[in-house]
Each structure stands twice: as structure tokens, then as C-alpha cells.
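Colleague: In the numbering used here, the protein residues as written are 515 to 806.
Positions of the beta carbon are idealized from the N, C-alpha and C atoms, including for glycine.
Only a predicted model underlies this, so the values are computations on that prediction, with no experimental measurement involved.
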């Protein structure tokens with residue numbers, strides 16, 4: 515099968531999975547009830563949530579540029595941010611064979627004399643760094659969850675935090691020594707990225723007047739963020755909502771509110787990602803700044 519045909523099949527399957535998951539969700543809950551939850555939202559808190567999400571993406575772009583600099587690709591933060599926004603747009607709105615990470619890798623490879631393997635590596639490590647902090651924050655929130663499912667397991671979750679960081683550091687040292695100098699700095703940026711998104715979701719909770727079990731909702735959000743990274747749907751559509759639905763069932767949360775939180779976060783993501791359309795029509799020039 516030709517590469518273009520394979521991409522079309524993969525995209526069609528992702529669309530099918532997303533549609534199937536969304537259909538499944540709305541057979542389990544009342545869509546009007548979810549919309550009613552969203553209609554009662556406080557716009558001030560939604561705007562703050564939007565700002566915090568934008569901040570998280572700016573920080574994520576800076577983190578990625580740390581890795582690019584280790585490849586001696588000294589992009590300016592401005593041009594890197596433009597490329598990052600375009601990648602977000604492609605990830606969500608044009609997934610058919612032009613994923614955001616794939617496009618960023620293509621532009622870097624085309625513009626600079628860099629091994630394809632190294633470009634792919636830093637893009638993957640950038641993603642893994644973010645997922646590592648999602649996992650760690652989820653483990654931390656377990657300490658504050660009011661749930662019998664995790665009673666007596668705090669030691670295991672503390673051990674999971676430490677061991678996951680050490681394993682990731684060892685893998686970087688063993689196989690990707692050329693990016694090891696920015697390991698701790700990239701991890702710090704990942705912590706700030708995920709913290710900003712957690713605060714964004716907290717503002718969504720405030721907007722929806724959710725006052726009880728906020729830690730549980732934040733925990734479900736972190737798990738849904740990990741699940742949404744899996745390349746089985748379009749931009750995580752469907753998979754995040756299903757995780758929120760079953761997370762709500764598992765932790766005894768309101769299902770309509772839970773799915774409403776997911777939808778509100780997706781709408782914020784879509785709004786920010788849509789700004790990248792400007793750079794689809796006017797491709798960003800990759801400007802080089804001072805070397806480190």
C-alpha cells in the first residue's frame with residue numbers, strides 16, 4: 515500500500531473511532547444536560563482558563579526549542595512558536611497524513627542539515643517529557659483523593675514518581691546523550707506546562723461552579739490527557755470524553771459535569787489551535803538566533 519493511501523486509511527480509522535466514541539458517550543448521558551452545564555459557565559473564569567492554556571503552550575514551545583538547540587538548530591523563540599502553533603493546527607484540523615509533529619520534523623529536516631533519526635528522537639522525547647509530568651502529577655493528586663480505591667497505596671505512588679523520573683533519565687543518558695544537558699531543564703518546563711493546564715482546568719471547574727471533589731476532577735483530567743495522546747483518535751476527540759465519563763463513574767463524580775469539563779477544555783484547545791491556520795497559508799520562516 516502506498517504511503518498516501520496508508521495515511522488516508524489511518525485517518526479514516528481515527529475519524530471512525532472518534533465518531534464511535536462520541537456516539538457511545540451520548541448514549542450514556544443526556545447531551546442537553548451537558549449543554550446546560552456549559553451554558554451556566556462563568557465567562558470570566560473561562561477567559562482565565564483560556565489564558566492559562568495559551569501560557570502552557572508557550573512554555574511547551576520553549577521546551578521543544580531546548581531540544582532543537584541541542585541539535586544545533588538555534589531557532590528563535592518567535593519562529594519556533596509560530597511553527598508550534600501550525601503543528602497544533604495540523605494535529606487537530608488537518609490530521610490526514612500531516613500530523614503536527616510530523617510537519618515540524620519535516621520543516622526542521624528540510625531547513626537544516628540534521629539526521630532524520632535525531633529530529634524524530636527529540637520530538638518523541640519532548641512528548642514523553644510532558645507525559646511523564648502528567649503521570650507524576652496524577653500520582654501526587656492520589657495523596658489528596660478521597661477514595662477508598664487508593665487507601666494504603668501512597669508509598670507505591672511516591673515510589674512510582676521517583677522511579678519514573680530515574681528511568682527516563684537513565685534512558686536519556688544511555689541512548690540520547692546529546693540531549694542529556696537539557697534533561698532537568700526540560701523536565702522543569704514540563705512541570706510548568708502541566709501545572710498551567712491543571713490551573714486552566716481548575717478555572718473551568720470554577721466557571722462551572724464545581725465546588726466539591728475538585729481534586730478528583732483534576733485527577734481524571736490528567737488521566738484523560740495521557741489517554742488522549744494515544745494515536746487512535748483525531749486530536750484525542752472521543753478518547754478524552756470517554757475517560758472523563760468512566761473516571762466519573764469510578765470516583766463517584768457527576769457524569770454530565772465531567773463530560774462538560776472535557777468539552778470545555780476541548781473548545782479552548784480548538785480555539786487556540788485554530789490560530790495556527792494563519793501560518794498554514796503563510797508558512798513561518800524559520801529564523802535562527804544566537805547560539806548557546
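Quick check on the DSSP output: the alpha helix (DSSP H) that includes residue 556 runs from which residue to which?
Modeller: Where residue 556 is concerned, there is no enclosing alpha helix (DSSP H), given that its DSSP letter is neither H nor E.
Colleague: Would you list, in sequence order, the uninterrupted alpha helix (DSSP H) runs of no fewer than 4 residues that lie entirely inside the segment 561-623?
Modeller: List check, alpha helix (DSSP H) in window: 591-607.
Colleague: At the level of alpha carbons, what is the spacing between residue 662 and residue 670?
Modeller: Those two C-alpha atoms are separated by around 15 Å.
Colleague: Would you report the Cα separation of residue 780 and residue 564, rounded to the nearest angstrom?
Modeller: Roughly 11 Å between the two C-alpha positions.
Colleague: Under the DSSP definition of a beta bridge, which residues are partnered with residue 802?
Modeller: Paired residue(s): 589.
Colleague: Measuring CA to CA, which of 599, 715, 575 is closest to residue 785?
Modeller: Comparing Cα-Cα distances from residue 785 to each of 599, 715, 575, the minimum goes to 599.
Colleague: What are the boundary residues of the alpha helix (DSSP H) that residue 703 is part of?
Modeller: Unbroken alpha helix (DSSP H) run through residue 703: 697-721.
Colleague: Here's the rule I'm using: 16 or more other beta-carbon atoms within 10 Å means buried, otherwise exposed. How should residue 640 be labelled?
Modeller: Buried, by the Cβ-count rule.
Colleague: Could you check the C-alpha separation between residue 722 and residue 606 for me, to the nearest Å?
Modeller: Rounded to whole angstroms, residue 722 to residue 606 spans 25 Å at the Cα level.
Colleague: How about residue 708 and residue 648: are their beta carbons less than 8 Å apart?
Modeller: Taking 8 Å as the Cβ cut-off, residue 708 and residue 648 qualify as a contacting pair.
Colleague: Which value, in whole angstroms, describes the spacing of the CA atoms of residue 765 and residue 622?
Modeller: For residue 765 and residue 622, the distance between alpha carbons rounds to 44 Å.
Colleague: Quick one, are the C-beta atoms of residue 659 and residue 567 less than 8 Å apart?
Modeller: It is not a contact, given that the beta carbons lie outside the stated cut-off.
Colleague: So, with DSSP's three-state summary, where would you put residue 797?
Modeller: In the structure shown, residue 797 sits in coil (DSSP, three-state: anything other than H, G, I, E or B).
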